[in-house]
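Here our numbering = 1-based position in the sequence shown + 751.
Cβ coordinates follow ideal geometry from the N, Cα and C atoms, glycine included.
Single-structure report; data block below.
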Amino acid sequence: MTLSAEQAAKVGALLDLPAEAITLLQVVPYKGSLPTAVPTDPLIYRFYELVNVYGTTFKELIHEEFGDGIMSAIDFKMDLQREPNPAGDRVSITMSGKFLPYKTY
């Protein structure tokens, strides 16, 4: 959440923040934490690749099963497990997000 100049100044004074931090409190945040549009870290790039390759399939399957809507990334949980495998251990990631139907206004 972005603070107004007055709010940022009060928080800065309360927490004894430097001027640079007070300025940053007034900047509109953006979604995501990656420094580039296309990730350059090999592991994170594979997630990007998954969404690029299978994203439309995920969407169609969710819509087929639940109707038109999205999977929440706020009401969300994830489980990561190692799956032993003779050909090389596997990474198992289970994502569970609340289904939110599209709303009309």
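Contact under 9 Å by Cβ, Leu-851 with Ser-823
yes
Work out the CA separation of Leu-775 and Ser-784 for me, nearest whole Å.
16 Å
Nearest-angstrom Cα separation, counted from Pro-837 out to Thr-855
50 Å
Below 8 Å CB to CB, which residues in the same chain sit around Ala-760 once its five sequence neighbours on both sides are set aside?
Ile-773
Straight-line Cα distance separating Phe-798 from Lys-696:
Nothing about residue 696 can be reported from this structure: the residues present for the chain run from 752 to 856 only.
6 Å CB neighbourhood of Asp-830 in its chain, flanking five on each side removed
Thr-845
Let me make sure I understand the geometry here. Which of Pro-786, Glu-815, Thr-753 and Ser-843 has the alpha-carbon closest to that of Val-779?
Thr-753
Judging by CA-CA distance, which residue of Gly-839, Glu-834, Pro-835 and Ile-821 is the nearest neighbour of Ser-847?
Ile-821
From Pro-790 to Gln-758, what distance separates their C-alpha atoms?
34 Å
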